[in-house]
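Heads up: the structure comes next, in structure tokens.
Residue numbers (this note's numbering): 3 to 398.
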């Protein structure tokens, strides 16, 4: 079609047609071809309109005047349409895929586990807003498709080809969105219930939803709870059994992870412990929250101190209640601030060399591990502990 329009325009110029804004009397063929190409961009606005010459030539030139810009416009429109429909095309082709919602540490750990256990799986990662660098990493490193959208929107869910999905993993950091999306998916595709994994950041909130359809039919979990179970079962219990006497445990940092560790100790190791010390800037309130959900045995002595774990005065107050030099206490440093954890752990090991010090970081850190190894401290990345704690059957 472009050649036909070009031929009409060139034939019009060659027939001797003159235009209002330019003298074409002595113009050679190459120049006329150049002017004809210009019709596809400017539509003859730089030349003016045909004013004289053979009628048939003027008709051909008018065809070029109208046809060339129309053809250019339709080509651009087709190009834009291809860009817009490109996503829809690969979405329509999805089959036996895995939908993973979220891009934070929990979602990344689950993605790593997926690629280890199911390396050929086709993964679609979804987040409300995702940066170009993140999207490029997920695409190039994991071979995943990345999609920005609202997982709680029913129409958006309908585009994910849920009828052909292998499993759905809702691992965003927004608890309500995870449960809302799970509820909508159950309404659309109830057969997906045993193949849907739903994360809840707040263990207390998750426990309040035990009667919900999502909790009863899907796999629901809390990452801190899984990690705490793994850490207590595979590391702390071994230490308790290696000591002759009942043990003292100090939890420095009593946020969600520290509270979950405490609950697991009460569940699995209460017969091994005589004293538990809690240090946190909001310790008084947080221990009340824990006591609402878990009974503390009367033969375990509690020592709750409210303050900054990095302040020496807090540890001096603790020493007045527990002799940290004569016993072999296990100290877990587990606030949400990695550098403060490491600094405090190094100071504690130097001041109380007989202690077993475990220090948390959000992710595995080569720096923290190398420094801790020299100091005789056990460093661990929370995301790695969570990775190790996940059951394989969630992914295969």
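All residues carry an ideal CB built from backbone N, CA and C; glycine is no exception.
All of these numbers come straight from a predicted model, not from anything done at the bench.
In chain order, what residues of the same chain lie with their CB nearer than 7 Å to the CB of residue 345, ignoring the 5 residues before and after it?
In its chain, beyond the 5 residues on either side, 312 have a beta carbon closer than 7 Å to the beta carbon of residue 345.
Boundaries (first-last residue) of the beta strand (DSSP E) holding residue 147:
For residue 147, the enclosing beta strand (DSSP E) begins and ends at 147 to 150.
Who does residue 279 pair with in a DSSP beta bridge?
Beta-bridge partners assigned by DSSP to residue 279: 252 and 305.
Residue 129, enclosing beta strand (DSSP E) - first and last residue
Element bounds for residue 129: 124 to 129.
May I have a chain-ordered list of the alpha helix (DSSP H) segments no shorter than 4 residues that lie completely inside the region 217 to 253?
You should have 225 to 233 and 239 to 244.
In three-state terms, what does DSSP make of residue 132?
The answer is coil: DSSP assigns residue 132 none of H, G, I, E or B.
Can you give me the C-alpha to C-alpha distance between residue 140 and residue 315, rounded to a whole angstrom?
In this model, residue 140 and residue 315 are separated by some 46 Å (Cα to Cα).
Whole runs of the alpha helix (DSSP H) within the region 47 to 99, excluding any shorter than 4 residues:
Runs found: 57 to 94.
Taking residue 112 as part of the alpha helix (DSSP H), name the residues at either end of that continuous run.
Secondary structure note for residue 112: its alpha helix (DSSP H) is the uninterrupted segment 107 to 119.
Just to check my reading of the structure: residue 108 and residue 225 have Cβ atoms closer than 8 Å, yes? What is that Cβ distance to the nearest angstrom?
The beta-carbon separation of residue 108 and residue 225, rounded to 5 Å, stays under the 8 Å limit for a contact.
May I have a chain-ordered list of the beta strand (DSSP E) segments no shorter than 3 residues that lie completely inside the region 171 to 206?
DSSP runs (the beta strand (DSSP E)) wholly in the region 171 to 206: 198 to 201.
When you compare the CB positions of residue 190 and residue 220, do they come within less than 7 Å of one another, or not?
Cβ atoms of residue 190 and residue 220: not closer than 7 Å.
Closer than 8 Å by C-beta to residue 206: which residues in its own chain qualify, once you throw out the five before and the five after it? Chain order, please.
Only 291 and 295 meet the Cβ criterion.
Report the three-state DSSP secondary structure of residue 377 (helix, strand or coil).
In this structure, residue 377 counts as helix in the three-state DSSP scheme.
Over what stretch of residues does the alpha helix (DSSP H) that includes residue 387 continue unbroken?
First-last of the alpha helix (DSSP H) with residue 387: 384 to 391.
Let me know the secondary structure DSSP gives residue 319 once reduced to three states.
DSSP places residue 319 in helix when its eight states are reduced to three.
How many Å lie between residue 1 and residue 396 at the Cα?
Examination of residue 1 is not possible in this model, given that the chain is present from 3 through 398 alone.
Give me the Cβ distance between residue 153 and residue 179, rounded to the nearest whole Å; I'm assuming they're in contact under 8 Å.
Confirmed, Cβ separation roughly 6 Å.
When you compare each of 134, 75, 239 and 222 to residue 248 by their alpha carbons, which one comes out closest?
Among 134, 75, 239 and 222, the Cα nearest to that of residue 248 belongs to 239.
Classify residue 292 as helix, strand or coil using the three-state DSSP reduction.
Helix at residue 292.
Tell me, please, whether the region 91 to 105 touches the region 67 to 78 by the rule of three or more beta-carbon pairs shorter than 8 Å.
Result no; under three Cβ-Cβ pairs closer than 8 Å.
Own chain residues within Cβ distance below 7 Å of residue 378, not counting five before or after
Excluding positions up to five away in sequence, the list reads 351.
In whole angstroms, what is the alpha-carbon distance linking residue 138 and residue 146?
Looking at the two C-alpha atoms, the distance is approximately 9 Å.
Run through DSSP, which three-state label would residue 287 get?
Three-state result, residue 287: helix.
Which residues does DSSP list as the beta-bridge partners of residue 360?
Bridge partners of residue 360 according to DSSP: 334 and 380.
Could you give the DSSP three-state label for residue 326: helix, strand or coil?
Here residue 326 sits in coil by DSSP.
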